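Chains as they are written, first to last, in numbering that gives the first Met the number 0: chain A, 0 to 351; chain B, 0 to 351.
Report on the following structure.
Protein chains: 2
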Amino acid sequence: MPDTRFAAAQVCRFLTAAFERLGLPAADALTVAELMTQAEVQGSDGHGVIRLAPYARRIRAGGINLEPRIRVLKEKPAMALLDGDNGMGHLVMKQATELAIEKARRCGVAWVGSRLSNHAGPASLYARMALAHDMVGMYFAVGNANHLPPWGGLDMLLSTNPIAVAVPAGEEPAVVLDMATTVTAYGKVKAKAQRGEQMPEGWMIDRTGAPLTDPQRADEGFLLPIGGYKGYGLAMVVGLLAGTLNGAAMGSEVVDFNKDDTTITNTGQAILVIDPDAFGEVADFKARVDKLVRELRGAERMPGVDRIWMPGEQSHAKRMANERDGLLLPPALRTQLDALARDLGIPLLQDA
Amino acid sequence: MPDTRFAAAQVCRFLTAAFERLGLPAADALTVAELMTQAEVQGSDGHGVIRLAPYARRIRAGGINLEPRIRVLKEKPAMALLDGDNGMGHLVMKQATELAIEKARRCGVAWVGSRLSNHAGPASLYARMALAHDMVGMYFAVGNANHLPPWGGLDMLLSTNPIAVAVPAGEEPAVVLDMATTVTAYGKVKAKAQRGEQMPEGWMIDRTGAPLTDPQRADEGFLLPIGGYKGYGLAMVVGLLAGTLNGAAMGSEVVDFNKDDTTITNTGQAILVIDPDAFGEVADFKARVDKLVRELRGAERMPGVDRIWMPGEQSHAKRMANERDGLLLPPALRTQLDALARDLGIPLLQDA
């Protein structure tokens with residue numbers, strides 16, 4: 000492995016050490032580190048290692064409960080509502096998903112929501128947890144900063160509330176959709192600004208509704224929802240299901256996690272798990288998914304298109320490559336991680 | 000009421016008589032007529048009275064089972080899979096939704112899927128059935144004709160697979176999202192062609208990927224999914240959940256309902272019902288929905304925007320107006336209905 004790359008296990012050890020030093024119990028530090036590493040490995044780099052610094056900042060500011068009592072507030076055979084007790088979102092939603100899987104096995108389908116949770120990384124992490132059980136996972140969350148006004152409005156009252164759906168396949172990689180309800184994620188706008196590039200039309204508009212293409216002016220405009228008013232509607236109903244239904248923050252109650260390190264975010268999320276075994280032979284279902292995947296992939300292509308991708312297939316390819324070759328972290332991120340390691344008094348990533 | 004308008008009850012009587020004469024048992028004829036009338040009343044005119052002629056054509060061709068034995072094929076506490084026995088989709092999905100509501104009351108959440116169903120009208124009809132029980136409804140369906148290739152492809156292997164979500168409110172109208180996963184519906188393209196108008200860029204592309212704006216050339220291109228590859232991903236996962244999971248048609252198996260009157264469509268749909276009562280006080284939940292609706296509606300507006308609409312609010316306004324003033328049917332549709340009435344030997348709409 001070239002010395003600019005790090006094995007996933009090494010990154011995970013480093014993150015675990017950091018979270019332990021920040022005060023998380025060892026088992027919880029490992030859980031959060033593993034999920035952040037999985038995010039990095041699948042190419043969700045905006046939700047991977049880069050989040051260590053802001054998480055550390057919030058933890059040190061007292062904005063996270065390090066020893067939360069995550070508990071079931073309400074329960075029925077096919078549902079539960081968890082109180083995350085302001086713990087790390089990864090811990091809350093891992094527990095929520097495990098509970099949903101257990102309930103889905105008995106009931107066929109189950110839904111578990113959270114309140115008083117926190118940012119939990121990419122939506123697909125939790126939807127994908129169902130795959131190991133040959134189940135379908137569907138995840139909804141209220142994003143941790145509002146970047147979207149209602150359609151026709153100027154006040155940013157909605158987040159890019161994501162949806163993820165993971166469907167097991169047989170020989171093919173699982174189909175995994177993970178999408179924000181905006182045309183692009185705010186992280187991609189920041190990346191364009193860092194690289195000094197312009198954005199394409201359709202990513203953002205300004206306060207008059209005109210296209211905004213200069214990422215340096217991002218503060219003067221808004222992200223555009225997919226399909227215009229349709230994406231606004233999707234962002235709203237995802238927020239109703241993941242936030243309002245759970246008694247979690249929605250609309251003006253959403254705390255901007257990037258700007259405020261201490262106010263309890265009361266983040267809401269929800270996971271739906273469906274057990275295909277309840278519908279018939281799982282092997283038959285997975286064979287039908289394979290057949291569909293191959294049919295779509297084998298479609299005649301537009302001029303200049305090399306390959307038709309399935310949802311989640313590019314992440315799958317990244318996951319395979321990163322597991323084989325190790326993770327390539329940008330120099331700026333490595334510098335940041337080294338500074339944090341010295342500050343925390345833990346071994347540098349290269350020595351982890 | 001001016002003589003160009005018809006009371007909803009009159010339209011419903013006319014449709015009931017037509018379906019009875021076509022051979023549906025009286026109770027089933029009434030159920031289908033009521034749901035089609037509801038579609039018309041809420042402004043879903045592409046799924047309302049206009050569908051009588053194609054339904055009649057398929058029924059007469061023997062493509063619908065007039066006395067289906069709709070039955071539960073598989074069942075667990077929070078799920079069921081219905082075999083629609085090739086009956087009218089309205090009958091199948093009404094039964095599916097009623098079963099999901101009953102199961103959600105016991106389990107908190109329930110999911111019911113269908114196979115061997117048929118076109119059932121607008122997605123919101125079934126999601127909205129949950130509202131009368133103060134529950135949330137979510138509906139997914141495989142559309143009845145493929146108009147969408149996979150992203151980058153040319154073969155139309157996907158339909159505009161719709162999603163509907165209905166969330167009860169307190170004093171405000173319920174929030175009801177009902178959207179195809181394409182930027183526009185194929186019906187709107189046909190309407191532009193009939194009126195001799197051009198389509199805006201972004202509705203369709205041709206086989207080279209260039210914008211297609213002439214609706215007369217619609218056969219040479221494809222509908223565009225919302226958010227590009229994101230909408231393609233949504234259309235695919237909706238199809239996996241509503242079609243593939245249920246053993247219903249998906250991909251190349253989808254029968255073009257507009258061109259083929261006899262092949263069994265094996266349409267798949269799914270309804271998810273969530274009971275907010277399982278999560279806490281329903282009145283509190285509905286008050287939170289009201290608060291969010293008012294906050295979004297009250298946002299500062301862009302120049303030239305008169306009002307910020309909630310998902311489903313325009314349909315709600317149409318429903319109120321049409322119930323008060325009666326339904327205004329276009330002259331071409333009235334001519335078609337009169338011809339059909341004479342052909343079937345039932346009273347004309349004006350005499351129904």
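From the three backbone atoms N, C-alpha and C, an ideal C-beta is built for every residue, glycine too.
In this text the structure is predicted, and so the values were computed from the model without any measurement.
N- and C-terminal bounds of the beta strand (DSSP E) containing residue i
{"i": "Val111 (chain A)", "result": "108-116"}
{"i": "Val174 (chain B)", "result": "174-178"}
{"i": "Gly230 (chain B)", "result": "Careful: Gly230 (chain B) lies outside any beta strand (DSSP E), inside the alpha helix (DSSP H) at 228-241."}
{"i": "Arg68 (chain B)", "result": "Looking at the DSSP string, Arg68 (chain B) is not in any beta strand (DSSP E), and its letter there is neither H nor E."}
{"i": "Met128 (chain B)", "result": "Here Met128 (chain B) belongs to no beta strand (DSSP E); instead the alpha helix (DSSP H) covers 123-128."}
{"i": "Ala165 (chain A)", "result": "162-166"}
{"i": "Asp82 (chain B)", "result": "78-82"}
{"i": "His27 (chain B)", "result": "Checking the sequence, you will find Asp at residue 27 (chain B) rather than His. Asp27 (chain B) -> not in any beta strand (DSSP E); alpha helix (DSSP H) instead, spanning 25-40."}
{"i": "Asp324 (chain B)", "result": "No beta strand (DSSP E) contains Asp324 (chain B), which is instead part of the alpha helix (DSSP H) from 312-324."}
{"i": "Gly220 (chain B)", "result": "220-222"}
{"i": "Ile204 (chain A)", "result": "203-205"}
Residue i, enclosing alpha helix (DSSP H) - first and last residue
{"i": "Ile58 (chain A)", "result": "51-59"}
{"i": "Val188 (chain A)", "result": "185-194"}
{"i": "Gln335 (chain A)", "result": "330-343"}
{"i": "Thr15 (chain B)", "result": "7-21"}
{"i": "Phe278 (chain A)", "result": "Careful: Phe278 (chain A) lies outside any alpha helix (DSSP H) and carries neither H nor E."}
Min CB distance residue i to chain E below 7 Å
{"i": "Arg287 (chain A)", "result": "No chain E appears in the structure shown, which is made up of the protein chains A and B."}
Whole-angstrom C-beta distance between residue j and residue i, which should lie under 8 Å
{"i": "Val135 (chain A)", "j": "Val166 (chain A)", "result": "5 Å"}
{"i": "Ala55 (chain A)", "j": "Ala17 (chain A)", "result": "7 Å"}
{"i": "Val71 (chain A)", "j": "Gly267 (chain A)", "result": "In fact, because the Cβ distance is near 16 Å, the residues do not count as touching under 8 Å."}
{"i": "Asn64 (chain A)", "j": "Asp84 (chain A)", "result": "6 Å"}
{"i": "Pro76 (chain A)", "j": "Arg105 (chain A)", "result": "7 Å"}
{"i": "Met137 (chain B)", "j": "Leu271 (chain B)", "result": "4 Å"}
{"i": "Asp255 (chain A)", "j": "Ala144 (chain A)", "result": "4 Å"}
{"i": "Gly61 (chain B)", "j": "Thr261 (chain B)", "result": "6 Å"}
{"i": "Arg300 (chain B)", "j": "Leu153 (chain A)", "result": "7 Å"}
{"i": "Asn353 (chain A)", "j": "Val237 (chain A)", "result": "This structure cannot speak to residue 353 (chain A), because chain A is shown only from 0 to 351."}
{"i": "Ile69 (chain B)", "j": "Gly88 (chain B)", "result": "Actually they are not in contact, since the Cβ atoms of Ile69 (chain B) and Gly88 (chain B) sit about 11 Å apart, beyond 8 Å."}
{"i": "Thr180 (chain A)", "j": "Gly230 (chain A)", "result": "5 Å"}
Rounded C-alpha distance that separates residue i from residue j
{"i": "Gly22 (chain B)", "j": "Asp259 (chain B)", "result": "20 Å"}
{"i": "Ala122 (chain B)", "j": "Val91 (chain B)", "result": "13 Å"}
{"i": "Met0 (chain A)", "j": "Ala351 (chain A)", "result": "Note that Met0 (chain A) scores a pLDDT of 46, beneath 50, so its modelled location is shaky and nothing firm can be said."}
{"i": "Arg216 (chain B)", "j": "Val188 (chain A)", "result": "37 Å"}
{"i": "Gln335 (chain B)", "j": "Val48 (chain B)", "result": "10 Å"}
{"i": "Gly202 (chain B)", "j": "Leu222 (chain B)", "result": "Note on identity: in this sequence residue 202 (chain B) is Trp, with Gly being the wrong assignment. Their backbone Cα atoms lie some 6 Å apart in a straight line."}
{"i": "Ala7 (chain A)", "j": "His315 (chain A)", "result": "15 Å"}
{"i": "Trp308 (chain A)", "j": "Gly227 (chain B)", "result": "13 Å"}
{"i": "Ala95 (chain B)", "j": "Met128 (chain B)", "result": "11 Å"}
{"i": "Leu328 (chain B)", "j": "Ala277 (chain B)", "result": "43 Å"}
{"i": "Val175 (chain A)", "j": "Glu312 (chain A)", "result": "8 Å"}
{"i": "Ala209 (chain B)", "j": "Lys191 (chain B)", "result": "19 Å"}
{"i": "Leu51 (chain B)", "j": "Met198 (chain B)", "result": "27 Å"}
{"i": "Leu130 (chain B)", "j": "Leu124 (chain B)", "result": "11 Å"}
{"i": "Ala147 (chain B)", "j": "Gly246 (chain B)", "result": "The displayed chain sequence assigns Leu, not Ala, to residue 147 (chain B). Leu147 (chain B) and Gly246 (chain B): Cα-Cα distance of roughly 21 Å."}
{"i": "Thr15 (chain B)", "j": "Ala28 (chain B)", "result": "5 Å"}
{"i": "Leu332 (chain B)", "j": "Gly250 (chain B)", "result": "32 Å"}
{"i": "Arg59 (chain A)", "j": "Arg293 (chain A)", "result": "49 Å"}
{"i": "Ala320 (chain A)", "j": "Gly120 (chain A)", "result": "21 Å"}
{"i": "Ile273 (chain A)", "j": "Ser113 (chain B)", "result": "15 Å"}
{"i": "Glu74 (chain A)", "j": "Val281 (chain B)", "result": "15 Å"}
{"i": "Ala38 (chain B)", "j": "Ala163 (chain A)", "result": "30 Å"}
{"i": "Ile204 (chain A)", "j": "Gly220 (chain A)", "result": "5 Å"}
{"i": "Val108 (chain B)", "j": "Phe139 (chain A)", "result": "15 Å"}
{"i": "Arg4 (chain A)", "j": "Glu196 (chain A)", "result": "27 Å"}
{"i": "Val182 (chain B)", "j": "Arg20 (chain A)", "result": "49 Å"}
{"i": "Gln9 (chain A)", "j": "Asp305 (chain B)", "result": "56 Å"}
{"i": "Gly344 (chain A)", "j": "Arg206 (chain A)", "result": "46 Å"}
{"i": "Cys11 (chain B)", "j": "Val40 (chain B)", "result": "11 Å"}
{"i": "Arg341 (chain A)", "j": "Pro214 (chain A)", "result": "33 Å"}
Next on the checklist: Whether or not the stretch 158-174 of chain B and the stretch 281-294 of chain B are in contact is what I'm after, with contact meaning three or more pairs of Cβ atoms, one per stretch, closer than 8 Å; do they touch?
Outcome noted: yes
Next on the checklist: Threshold first: 3 residues or longer. Then list the beta strand (DSSP E) segments lying entirely within the stretch 128-158 of chain A, N to C.
Outcome noted: 135-140
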